[in-house]
Structure formats: C-alpha cells, structure tokens
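Everything below concerns the one structure shown next.
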Amino acid sequence: MTVLDPPIDTSIHPHVNIAASAVGVSKTYGSGDTIVRALDDVDVDFVKGHFTAIMGPSGSGKSTLMHCLAGLDTVSAGQVYVGDTDLSSLSERELTLLRRDQVGFIFQAFNLVPTLSAMENITLPMDLAGTDPDPVWLAQVIETVGLANRTSHRPNELSGGQQQRVAVSRALASRPQIIFADEPTGNLDSTTGAEILDFMRRAVRELGQTIVMVTHDPVAASYADRVVFLADGKIVDEIHAPTPETVLDSMKALGN
Amino acid sequence: MLRLTLRNLAARKARFAMTTFAVVLGVGFVVASFVMSDGLRSTFDGLSEDITAGTDLLVRPTSEFGEPTPLDESLVEQVIAIDGVDNAVAYIESDENEIQPIKADGSTITTSGPPQITFAWMEDTSIGTFTIVEGRAPLGPDEFSMDLDAAARHDFVVGETYDVITPSGVWEDVELTATTRFGEDNTTVGATLMQVSLEEAQRLFGEPGSIDQVPLSLEDGADADAVMADIQTLLGGASAEIVDQATVTAEQQAEFDEGVTIIGNVLLGFAIISLFVSIFIIYNTFAIVLGQRVREMGLLRAIGADAAQLRRSVLGEAVIVGVVASLIGLVAGVGIAALLNAVFEALGAQLPDYPTILATRTIVFALILGVGVTVVSSIAPARAAASVSPIEALRDGGAVTPDDGRRRLTVGGTTLGAGFGLGALGLFGPSLSTMGLILTLGLAAVMVFLGLTLASPAVARPLTGAIGWPLSKVMGTAGELARGNASRNPRRTATTAAALMIGLSLVTMGYVVGESVKTSLGNLIAQSVTADYVIAGNEDNSGISPALADELAATGQFSAVTGMRYDEARLGSDVREVTALDLGTIDELFDIDLQAGTIPDSEATDVILLHDELAADLGVGVGDTVPIEFAGGMTADLEVSAIYADKTIFEDPLVPDQVFDDGLAATTDEWIAASLPDGISTADVAPLLAQLQATYPQVDISTTSEFQQSFEDTIDSALLVVNALLALAIVIALIGIANTLALSVHERTREIGLLRAVGMTRRQTRRMIRWEAVLVALFGAVLGVAAGTVFGWGIVQALPQDSFGGSLTIPVAPIIQVVVLAALATLVAAWLPARRAGKLDVLDAISH
Numbered sequence: 370m371t372v373l374d375p376p377i378d379t380s381i382h383p384h385v386n387i388a389a390s391a392v393g394v395s396k397t398y399g400s401g402d403t404i405v406r407a408l409d410d411v412d413v414d415f416v417k418g419h420f421t422a423i424m425g426p427s428g429s430g431k432s433t434l435m436h437c438l439a440g441l442d443t444v445s446a447g448q449v450y451v452g453d454t455d456l457s458s459l460s461e462r463e464l465t466l467l468r469r470d471q472v473g474f475i476f477q478a479f480n481l482v483p484t485l486s487a488m489e490n491i492t493l494p495m496d497l498a499g500t501d502p503d504p505v506w507l508a509q510v511i512e513t514v515g516l517a518n519r520t521s522h523r524p525n526e527l528s529g530g531q532q533q534r535v536a537v538s539r540a541l542a543s544r545p546q547i548i549f550a551d552e553p554t555g556n557l558d559s560t561t562g563a564e565i566l567d568f569m570r571r572a573v574r575e576l577g578q579t580i581v582m583v584t585h586d587p588v589a590a591s592y593a594d595r596v597v598f599l600a601d602g603k604i605v606d607e608i609h610a611p612t613p614e615t616v617l618d619s620m621k622a623l624g625n
Numbered sequence: 019m020l021r022l023t024l025r026n027l028a029a030r031k032a033r034f035a036m037t038t039f040a041v042v043l044g045v046g047f048v049v050a051s052f053v054m055s056d057g058l059r060s061t062f063d064g065l066s067e068d069i070t071a072g073t074d075l076l077v078r079p080t081s082e083f084g085e086p087t088p089l090d091e092s093l094v095e096q097v098i099a100i101d102g103v104d105n106a107v108a109y110i111e112s113d114e115n116e117i118q119p120i121k122a123d124g125s126t127i128t129t130s131g132p133p134q135i136t137f138a139w140m141e142d143t144s145i146g147t148f149t150i151v152e153g154r155a156p157l158g159p160d161e162f163s164m165d166l167d168a169a170a171r172h173d174f175v176v177g178e179t180y181d182v183i184t185p186s187g188v189w190e191d192v193e194l195t196a197t198t199r200f201g202e203d204n205t206t207v208g209a210t211l212m213q214v215s216l217e218e219a220q221r222l223f224g225e226p227g228s229i230d231q232v233p234l235s236l237e238d239g240a241d242a243d244a245v246m247a248d249i250q251t252l253l254g255g256a257s258a259e260i261v262d263q264a265t266v267t268a269e270q271q272a273e274f275d276e277g278v279t280i281i282g283n284v285l286l287g288f289a290i291i292s293l294f295v296s297i298f299i300i301y302n303t304f305a306i307v308l309g310q311r312v313r314e315m316g317l318l319r320a321i322g323a324d325a326a327q328l329r330r331s332v333l334g335e336a337v338i339v340g341v342v343a344s345l346i347g348l349v350a351g352v353g354i355a356a357l358l359n360a361v362f363e364a365l366g367a368q369l370p371d372y373p374t375i376l377a378t379r380t381i382v383f384a385l386i387l388g389v390g391v392t393v394v395s396s397i398a399p400a401r402a403a404a405s406v407s408p409i410e411a412l413r414d415g416g417a418v419t420p421d422d423g424r425r426r427l428t429v430g431g432t433t434l435g436a437g438f439g440l441g442a443l444g445l446f447g448p449s450l451s452t453m454g455l456i457l458t459l460g461l462a463a464v465m466v467f468l469g470l471t472l473a474s475p476a477v478a479r480p481l482t483g484a485i486g487w488p489l490s491k492v493m494g495t496a497g498e499l500a501r502g503n504a505s506r507n508p509r510r511t512a513t514t515a516a517a518l519m520i521g522l523s524l525v526t527m528g529y530v531v532g533e534s535v536k537t538s539l540g541n542l543i544a545q546s547v548t549a550d551y552v553i554a555g556n557e558d559n560s561g562i563s564p565a566l567a568d569e570l571a572a573t574g575q576f577s578a579v580t581g582m583r584y585d586e587a588r589l590g591s592d593v594r595e596v597t598a599l600d601l602g603t604i605d606e607l608f609d610i611d612l613q614a615g616t617i618p619d620s621e622a623t624d625v626i627l628l629h630d631e632l633a634a635d636l637g638v639g640v641g642d643t644v645p646i647e648f649a650g651g652m653t654a655d656l657e658v659s660a661i662y663a664d665k666t667i668f669e670d671p672l673v674p675d676q677v678f679d680d681g682l683a684a685t686t687d688e689w690i691a692a693s694l695p696d697g698i699s700t701a702d703v704a705p706l707l708a709q710l711q712a713t714y715p716q717v718d719i720s721t722t723s724e725f726q727q728s729f730e731d732t733i734d735s736a737l738l739v740v741n742a743l744l745a746l747a748i749v750i751a752l753i754g755i756a757n758t759l760a761l762s763v764h765e766r767t768r769e770i771g772l773l774r775a776v777g778m779t780r781r782q783t784r785r786m787i788r789w790e791a792v793l794v795a796l797f798g799a800v801l802g803v804a805a806g807t808v809f810g811w812g813i814v815q816a817l818p819q820d821s822f823g824g825s826l827t828i829p830v831a832p833i834i835q836v837v838v839l840a841a842l843a844t845l846v847a848a849w850l851p852a853r854r855a856g857k858l859d860v861l862d863a864i865s866h
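Residue numbers (this note's numbering), protein chains in the order written: chain A, 370 to 625; chain B, 19 to 866.
Listed below in structure tokens is the structure:
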C-alpha cells in the first residue's frame, strides 16, 4: 500500500502539486433577509494524485462546492483555481474549453450520449476539441476499467455498471488536471458500486489521476485518501486514510 | 378533468404556440381564398351593374356559334321611333388591347393585368356608361378620351396629342379631348377605358355602317314587355334579340363569376394542401408533448383516472387549440389575402381592388376545418398516451413504447401502393370529369403521402445516416451528433420530414411536367414548323391587320408569307374551329405530315384540308365534298383536297383565305408565318423588319426559336405562380421542423447539459441542432423529390403522346436548387431552437 503524502502547506508552496483549490470561496443565493449561504468562506486544496471525498448532509453545500470547482457554477466571493488557472477570470467559452481539456466528469446518472457508442463517448471531449486521443493511454484506461470488448456498444446495450465504467473512462481519457465525480455510485447496487469505486481508486494509484468525489455514502468515502466534511457551507472536519467506521464517526460528530 | 386540460395548455404555452401557428397559416390560407373570391365577386358584381346601369333594354345580334354578325347602324333610329322608347344609342366595343395609346415617354400601356378597351362615345350619357369629367366629348376625327384614373396613372393630359396603335398601324396625332368617369365611381377594376367617335370606332375596330349593340332607355311608365314585343317584331327574322337589363346584368355577372370561381378554387386547392401539411405538424407536437407527459398520465391513471378520461382531456386540449388557432386564422386570412395580392402583382398578374368580406360561410368553414384538423391529428397521440399502463409510466418516466414497426411498414406500404394504383387508374383508366379527376388524383396523392409517412421510418435511419455522412466528415463531432440525432427517432424524423416532403414533391412534379411539356412541344415545333419567322400580337387578343401580311409579301424578300386566321364554323354536325391561310405556302412554312391527296396552290378556291382523325369522324376522303356554315349563315361546299396527320399547329380543318372572305365579315390575322428563301439570312432582312415593327408596334416579330422560347417562358411563369402558392405549405413544413426540434431540445435537456459539461461549446451545440434540422429536411426532400418525379412521370405518360407528352424530361438543376433553398431555409428556421439549446444553463440542464 502506498504511504499517503502529508497535506502540503500551501502558504509555503503556493499551487505546487495542487490540482484544484478554493480560496475564501462564498456562494450566496438571494439577498437581504432571504439570503442563503451555500458556501461560506471555504478554503480547500486538492493535491495531485489524490482521491478526495467531499461529504456532508443534504444542503451542506458539497455539490455547490464541486460545481464551483469544476467551472459549472460561479462563486460570489473568493477564487477557484484549476491548476494555475483562476476560474473567476474566465469567460463562458473559456470555462467550456477548460472543462473540455482540463476537467473530467462522472455524474450519478445520464452520463452518456445515447447516440454515440461507448468508445465515441469515451473520446467525446477530445473529439469536441478536435484532438486525437493518446492511443497507448486510451488502451490502458480501457484495460483498467475492463471495457475492452464493449467499446462498440451503444449505452442502451450496456448495464448500469458498464455505463458508469464508460463514464469513468471518459473522465480519464483526456488525462485532465482533475476529475469530479458526483455520487458516481448512487444509482448502482453495492457490488457494482464497489467495482466502480475500485476502478476510481486504481485510476488514482496506478494511473496517477486526481479525483474529487461528492458522496453521502461512508463506504464510498472510505475508498478515498482523504475525506473533507462540509456543514452549512463551511469545512468542518477532514480525515485521512478513512475507513467506513471513521467516516461514520465523523458524521455522527457533525450531527451533534 | 377540464381544469387539468386548461392547466396543461397554460403550462405548455410555448410548445402549443408553434402548433397553433401551423393551424393559423393553414386556416388563414383557406380564409384568404374565400376573402379573395368573395371580394372579387362583389367587385365584379358591382361592375356588372355599372355596365348596365343606364340600359333598360338591349338589342343585340345573336348567333348559334362564332362571332355574331354586327347590327346595321340604322337600327338605332328605328328603335327610337318605337312607342315607349325614350332614347337609344349605338354601341361598339373594341377587343381587349386592340387599341393601345402610346404614352408621352414613348412606351405603350402594358396590360399584363386588366385590359384596355375602347368604346364608341355614347352621346346620351344617361344610357351610356361614361360621363365627361374634364374636357369635351371625342366626337371628331383624331380624338379620344380616357377614364380619369387610367389617364392619371399613365400621365395622359387633356388637350395633348398622342399616337395610338391600332390593328391597321399607328394612328397619329390623336387629341385627348376629355377624361371620363365610368359609372358612379369609375370602378374600372384597373382597366383602361377609352372612347372615340362612332365613325372612328367603326373605322378602327368595327365595320362602316355597323354597330355591336343598341342599348336603350324607356319612357317613364312605358310597358317594357310591350316595347320588347314591338322591337322583336321590328327585328323580324334577323339574327338579333331584345333582352332586359336584369338578363344582361345576370349574364355579365355569371361571366365574371366563372373567372372568379376558377381563381378561388385554385387558391382553395393550395390552401387545402397547406392545411394537410399542417396536420403532420399538429400530430407531431401532440405526440411529442404527450410522450413527455407519460409520467403524469401514469400518475393520473394510478390515482383512478380511466383511459377514456385521459383521452377526453387530450382531445379537449386539441379542441381549444383548434378554436383559438381558427379564430386567429380568420384574422390572418385577411392578411394572407393581401400578401397573395402582392405576390400576384409581383408575378405580373395584378388583381383588381376588392372589398374585404368575411362571410358567415368563411367563418364556419374556418372553424370546422381548423378544429377538425387539430382534433383529427391528436386522436392517435391521445390514444397512445392514454393507453399507457400506470406502472409502466411511473417506473422510469420513459417514452410511449412505439407500436410494432413491422405493422406500420405493412400498412404504409399497402397505402402507398394503393395510392399509386388509384393515381394510375385516374390517369390511364376510364376518362373522368375534371372534378372527378382532381378528386381521384388528390385522394391518390393523400394516400401516397400517408403511406410514405408510415413506411419511411424504416428507411429513416440508413437514409439520414447516408445523407449525414459527409456532414460528420466536415463538421466533426457536432456533425456526427447531428447525424445521430436525426436518425435516433425514425418515426419522429419521418413525420417531421413528411410535411416538407409533400411541398417539395408537388414542386418537383410541376418541374417535371413543365419541362417535359416544353421539350415535347419544342420537338414538335422544330419538326413541323419550318417557317423562319412567327409574328404575333404582343398582347392577348390584339389581332393583326391583314395588311401586314400583304406588306411582308410585297417586299419580295420572303419565299412565303401567310396570315393565320381562326373562326368557328359548322362542319358536318359539329361547330369547330377552322383555320384560314394561304394554302400555297404550307409546303414552305410547315410540315403537316401529308397522308393523302395534294396541297392545293394559292389560287385554289372552295377546298379544305382535314386532319385524318376528323376525316375519319366525318367519314370523308380526298375528293369528297364537305358543307361548311359560318356564324352569319353563309354556307359553302368545300372539296377535300388533302388529309394530314400533324397535330402541332394544325388539328383544325384548313381552308383558303377566300372561304373566310366569302363567309365572314372582315377578320384579323391571329399570327403570321414567314420564310426566307435560301441565300437570304435573318440579318439581311433585319432593317426591313425593324421598319415594319415601327409601323406595327403592337406585334412581336420573332424567329421560330424565339417564338418557342416565348411559350417556354409562359410555362415558366405558370410554374412560378404554382411554386409561389406552394411556398406557404413549405413555410408551414419549416415551422414544423423548427417546432419538433424545439420539443426535441427540451426533451434532450439533460443530454445537452452533459455535452456542455464535458466541453461542447455553445457554438458546437447550436451547430449540432441546426444540422440535425437540415438532415431531417433533406430526408423529406429526398422522399419528396422521388415521389414528385413519379407523379410527374405518371402525368407526362397520361398526356397525349403526340403533343404535350412524349418526352419525359427531369430538370435536375432547378430541383437541386429548390432542395438547397429548402435546406438553407431550414437552417434559418432552426436558428431559434439552436439558440435555445446553446443557451441552456449547464447546471439546470444536468439536474433536469
């Protein structure tokens, strides 16, 4: 087993080895009396080559944080970086290109374009960019997620687990700075879910990718190297080398 | 349930707005055709009354057939002498466009629309239809007057002199003595009405001593019946009659009404095509919207609504959409009528002004058609949606499971085959009345279109895939996705494309038939007209003075010249058209495909040439005698000197000029044919012809190939009108594509969100949607062009093979042009849904 790196002190090494970070990020909806703070002055870094889980109760802001980090949503205050890029300075089009070239996505459901084959779905971001995938890397990714003989199938010919594997492959295929996964196993039974989580962990450990996963499932979170806990829009706790039990304990502590 | 119906409509306003728009256009076109024909009828009815306003009774010549022999002018005095007659006047009227004044700028008044007609001035303005507005009546020689609106329109000024073109040449230095008013308000419906003295009228377009009619007024309290009886006695056995004002007005109205009815029916026909096209759009909207509501339907079923209630709810929506659309269509119809006026004007066929009349019949029709079409198109989607089982609907909120594709293919194929069969029966089977033929072919076309729509999903996937192949190569991923989207739901693609298919098939059919007729007639003219020149009047009905043919012959530059005159005569038991010409020129000017006998020389008298079919009908051969009787009662016995078979120019019996001269009052030539001898070129005679052209500005001197070109132009203009009228159906089809696309974008919100999340730019998104639309349109276009070519082929085969038919020609270039235009128009139509797809908020879309 790999020995986990200690968290890097970003005050000394700004952005070195950091895939994405949030600095003083707030996100508010509405105004005046009806103001809702989805995120409240959040500071967090995501180190390259790590698998991080974001947990928290419903409404804690975990999805909002992910959307802001991924360039899908804008922040009300603070900065978000993907690599060295400050997202707040980007136009809509630049954000789109950033998502295409530097970010990977795995959603809970509806991850694939039904009119494209599995392989076309995997290479979609690169096809949209008009660039050719690296064939060696692509073969390795497909091998790792175990899709070798299913790549010409359409999504409706694949099982739910296979569809998510295709989604994982797509997220990995362009070797992005960082991959965001939003409850990737939420729609799967526990065995298939475990398989997907295992693939994601292998992608981090064997292929050196960076993954940030939003989940509410302690078992899923236990696959990560680090778990960040959010409550009421603030980061309230984080643990390293989690197990389902330590995650559950932290969650119970939050409940109090 | 009613409340639910209303809520549903309110919640989906935007989607139903497009459907409503399709119905509005269809209904609007129907309303427009009624508004136009009712308005025109009213205008012409008023015109008929104006024409006969001052006339209590009218004496006019009669004839069983052909042009009646004019009356003697002495009749006017004899009529005035009768007890009870207040006054009577001599009435002469020119043919349309026979007299053409030249404007100050040197051009003639062009009359592609309403005619120019010249009358003898009627001194008693209480009977006559004209009164002086400014100036004095044109009573002297070299004087004329014109109605005030035409004078203003063409800048004619009282007191100035003008040159006037007449059949016998240019009438120079004619003074405009007055502007006149026709009836109360000068309602000339755009015509140019002129007057000259009685003597000038007789000289220019009548005969000395003769008049056309005698309108008369009665003394107050006179017994009309008694006066009529007295006049009948006066007329005795002459071919003339006395009729009252009501009769004349009714006849005049009926005559105008015939033309108005034809215009109205043609417009209505095209309106029904538009409405038929909109059925597909409405059907599609309901099918998609209901498909998206399957979950809601399932919930309603689960809590106890039965299928019938759901069906009724959906049909209720259709009724409301239909009523609203029909009411808007009523208003839109008035606008569409104005638009059609502008189209006709742009195409050179200006319609007169008419009042806007929204008759009860129009309103009832609009409502029945609009509501009917909407409800009928929603029945199938309503049934499909209501029959969804609650569990199925609630489980995954999926789409309505499509019924068996094989069954659709079978039903579609059968309908398609039956449609073609019915069409063949109509074209080649027992001959039908015009109306019967139109109904048979119309029904056949409807069956073909429905059959194609049902069966074409089977080919939608491979065909759109093939059409889209180059696109995915050029456009990259956006193109590839567009291609996938166009073929992902074959039924939807087929129904959406069907609307465009119908419009384009009719356009293609027109092109194929038009081009084939052009080729066929062109071949025949090339084959049977050997003359070098064809000289014809430059406007309809402007006859050519026989003097022109004589002048041409007198130049000595031509090897043969003959004027061609047509009139009706009784031959055997039937009245038919007879052509008179210089028979001795036939060999030089035409190839009539002689079957028997010899062509007589120019000096031959009392001879006749017959077409072989007519000779067979009459049971005569060369050397036999055929009796001929003209309208005026003159008769002659003509010897058959030859039998011929050509049908291009001559199917008529041919007689020497002398037979017409003996049997008829003076007639004008319809056209002139002339040939150059060997060794003289068209360039040699050009100066001579230019000089003649100056003397006779009202004729067009054209070489035979120019002449052929001119009727090809006529066919092209007819096609232009047809295409303009089909344009609305095509616009509806394009709206349908945009509408379906908007619904598809809505349906695929999550997918588009996903694409945007993983890096598809807005531009790529818009491009994907636009090209999907183009692929669907091209699919419809391919089917339409194929169906239209088959229709055209059938019609060309059904035309007489020895004249209009015979040469099937498919004009590839104009058809491709129309398809490209339709594709470009689709790009425009898809702009809105594409923009919407591009603007989707990614987060909202993903969590949709």
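Ideal Cβ placement from N, Cα and C applies to all residues, glycine included.
In this structure, the CA atom of A209(B) is about 56 Å from the CA atom of A500(B). In this structure, I626(B) sits near V673(B), with a CB-CB distance shorter than 7 Å. For chain A, the residues of the stretch 771-785 of chain B that bring a beta carbon within less than 9 Å of one of its beta carbons are G771, L772, L773, R774, A775, V776, G777, M778, T779, R780, R781 and Q782, in chain order. At least 7 Å separates the beta-carbon of R510(B) from that of L472(B). DSSP lists T421(A) and H609(A) as the bridge partner or partners of R595(A). Here DSSP, grouped into helix, strand and coil, assigns G57(B) to helix. Rounded to the nearest angstrom, the gap between the Cα atoms of A436(B) and V466(B) is 8 Å. Chain order gives the chain B residues near L441(A) as A775, V860 and L861, where near means a beta carbon separation below 7 Å. Secondary structure at K536(B): helix, using DSSP grouped into helix, strand and coil. With contacts defined by Cβ atoms closer than 7 Å, A747(B) and I291(B) form a contacting pair.
Contact between R583(B) and I646(B) does not hold, since the beta-carbon distance rounds to 14 Å and is not under 8 Å. If you draw a straight line from the Cα of V763(B) to the Cα of A848(B), it comes to about 11 Å.
By alpha-carbon distance to I753(B), the top candidate from A775(B), V792(B), A565(B) and L461(B) is V792(B). In the structure shown, E595(B) falls within a strand segment according to DSSP collapsed to helix, strand and coil. Judged by DSSP secondary structure, R506(B) falls outside any beta strand (DSSP E) and instead within the alpha helix (DSSP H) spanning T495 to R506. As summarised for the stretch 258-317 of chain B, the continuous alpha helix (DSSP H) elements at least 4 residues long and confined to that stretch are 263-310, given in chain order. Taking the Cα of S92(B) as reference, the smallest distance to any Cα among A108(B), D101(B), G102(B) and V103(B) is reached at A108(B). Among the bridge pairs identified by DSSP, Y529(B) is matched with none. Segment contact: the stretch 531-538 of chain A against the stretch 487-497 of chain A, three or more CB-CB distances shorter than 8 Å; contact assigned. Cβ neighbours of G824(B) within its own chain (closer than 7 Å, five residues either side excluded): S538.
Ranked by how close their Cα comes to the Cα of T554(A), the residues G529(A), I580(A) and I547(A) have G529(A) in first place.
Annotation: V514(A) has no Cβ neighbours in chain B at a cutoff of 9 Å; minimum Cβ distance is about 17 Å.
Distance from A388(A) to T397(A) at the Cβ level is roughly 26 Å; contact not present, criterion being Cβ atoms closer than 8 Å. Scanning chain A for C-beta atoms nearer than 8 Å to the C-beta of R768(B) yields F479, reported in chain order.
Cβ neighbours of Q711(B) within its own chain (closer than 8 Å, five residues either side excluded): V717 and I719. Chain B has no Cβ within less than 7 Å of the Cβ of D558(A). Residues of the same chain with a CB within less than 7 Å of the CB of A567(B), apart from the 5 flanking positions on each side, are V579, T580, G581, D687 and I690 in chain order. Taking 9 Å as the Cβ-Cβ cut-off, the stretch 554-580 of chain A has no residue approaching chain B. Restricted to the stretch 54-111 of chain B, the alpha helix (DSSP H) segments that are unbroken, complete and at least 4 residues in length are 93-98, listed in chain order.
Within the stretch 493-507 of chain A, the residues whose Cβ lies closer than 8 Å to any Cβ of chain B are, in chain order, L493, P494, D496, L497, A498 and G499.
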